[in-house]
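Participant: One structure, pasted below without further comment.
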Amino acid sequence: MRFQGLAVVLAALLAPGAVVALTPPEGATVTAEEQVALGTVAVPVGGYDGTHVPAIAAEGAITRRAWHESLDGRTTLQILAPLRDRLLAEGFLPILDCAADSCGGFDFRFATDTLPAPVMHVDLGDFRFLSARRLTRAGPEYATLMVSRSSTRGFVQVTRIRPAAAPETAPRAAAPQAGDDLAARLDRDGRAVLPDLDFDTGAATLNGGDIASLQALAQYLADNPGLTLMLVGHTDAVGALEGNIALSRRRAEAVRAHLVERLGVPAARVTAAGAGFLAPVASNRSEEGRIQNRRVEAIVTALE
């Protein structure tokens, strides 16, 4: 099944090099540990649909670790649950969380990045799979868990794909100039993307003190006293619609709170809403497109 809600809100944006330590329990036998400096992994975002397993091509530094441990009467869900909780605690949000049949059984298992037996044993009738994502300053980081069992042992494979550190780019330095253009875009188009917003991973915590686009937006409202705006949050298409709409709305509300509480904009002049992934501006099939789709826009709603 697809994950239907947001599971965790981080207190701070994760650093590019942050690593989740999903270590084998005491007494486990590690069967594989691989590292690839740069590669691509197909990260499933849905179960087998009759023709293929929908997936994101995640590129970055890849780490694979597999082990088996004493079963002690546990189910595959009981093995997976504490590992999933640790990912959530580190700021990951589930993309796909499924069991054998709902994943797609044989077709799903052999479409995933799973190590071969005997390194990683997978019972096609009894396995659990989780894919998850968190955002870092360097870009998205992905993690997958494949869990299965034999009659006496539990088998686990953890795969992580971490982005390379992002180089310094122009948008941050150019933010004041982008703010200067905001008024012209609102006058011309009736809407404008706020380009310099920095949110905590999968959450609505707005980072940064002086945000050029919001200062420009507050000045625009001051210069046009009869005008009102709506802030609309947007997401990429990873995950369920309900959760994405909720996240996008909370981000828009965080921007509104910054305008009202820090920049003195009257609360009645700004409202907030979330559209989730219903209004993309680029293809969600590429990471570049997904980055463009994650945004907050200001829209002119009334001018007396």
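According to mature numbering (1 follows the signal peptide of the UniProt record, and there is no 0), the sequence shown holds residues -21 to -1, 1 to 283 in order.
All residues carry an ideal CB built from backbone N, CA and C; glycine is no exception.
Keep in mind that this is a model prediction, so the values were computed, not measured.
Identify every residue that forms a DSSP beta bridge with alanine 122.
Facilitator: Alanine 122 pairs with Ala111 and Arg139.
Participant: Just the Cα atoms here: how many angstroms apart are glutamate 277 and arginine 132?
Facilitator: Note that residue 277 is alanine in the sequence shown, not glutamate. Between alanine 277 and arginine 132, the C-alpha separation is close to 55 angstroms.
Participant: So, for aspartate 215: in the same chain, excluding its five sequence neighbours on each side, which residues have a beta-carbon less than 7 angstroms away from its beta-carbon?
Facilitator: Only Phe256, Asn263, Arg269, Asn272 and Arg273 meet the Cβ criterion.
Participant: What does DSSP give as the partner residue(s) for valine 172 in the beta ladder?
Facilitator: The partner list for valine 172 (beta bridge, DSSP) reads Glu276.
Participant: With burial defined as no fewer than 16 other Cβ atoms inside 10 Å of the residue's Cβ, what is the status of phenylalanine 89: buried or exposed?
Facilitator: Answer is exposed; the Cβ neighbour count stays below 16.
Participant: Taking 9 angstroms as the cut-off, decide whether the C-beta atoms of leucine 185 and valine 249 are in contact.
Facilitator: No, Cβ-Cβ distance for leucine 185 and valine 249 is not below 9 angstroms.
Participant: Could you check if proline 142 is buried or exposed, using at least 16 other CB atoms within 10 Å of its CB as the buried criterion?
Facilitator: The residue in question, proline 142, is buried, as its Cβ has 16 or more Cβ neighbours within 10 Å.
Participant: If we ignore side chains and look at the alpha-carbon of each, how far apart do glutamate 221 and alanine 79 end up?
Facilitator: Answer to the nearest angstrom: the Cα atoms are 24 angstroms apart.
Participant: Let me know the secondary structure DSSP gives glycine 205 once reduced to three states.
Facilitator: Note: glycine 205 maps to coil in three-state DSSP.
Participant: Mind checking which residues open and close the alpha helix (DSSP H) that includes leucine 67?
Facilitator: 55 to 68 is the extent of the alpha helix (DSSP H) around leucine 67.
Participant: Tell me the residue span of the beta strand (DSSP E) that contains leucine 75.
Facilitator: 72 to 78 is the extent of the beta strand (DSSP E) around leucine 75.
Participant: Considering Cα atoms alone, identify which of His31, Ile35 and Arg113 is closest to arginine 70.
Facilitator: The question names arginine, but residue 70 in the sequence shown is glycine. Of the candidates His31, Ile35 and Arg113, the one whose C-alpha sits nearest the C-alpha of glycine 70 is Arg113.
Participant: Would you kindly work out how many angstroms separate the C-alpha atoms of glutamate 266 and arginine 116, rounded to a whole number?
Facilitator: One C-alpha to the other measures close to 14 angstroms.
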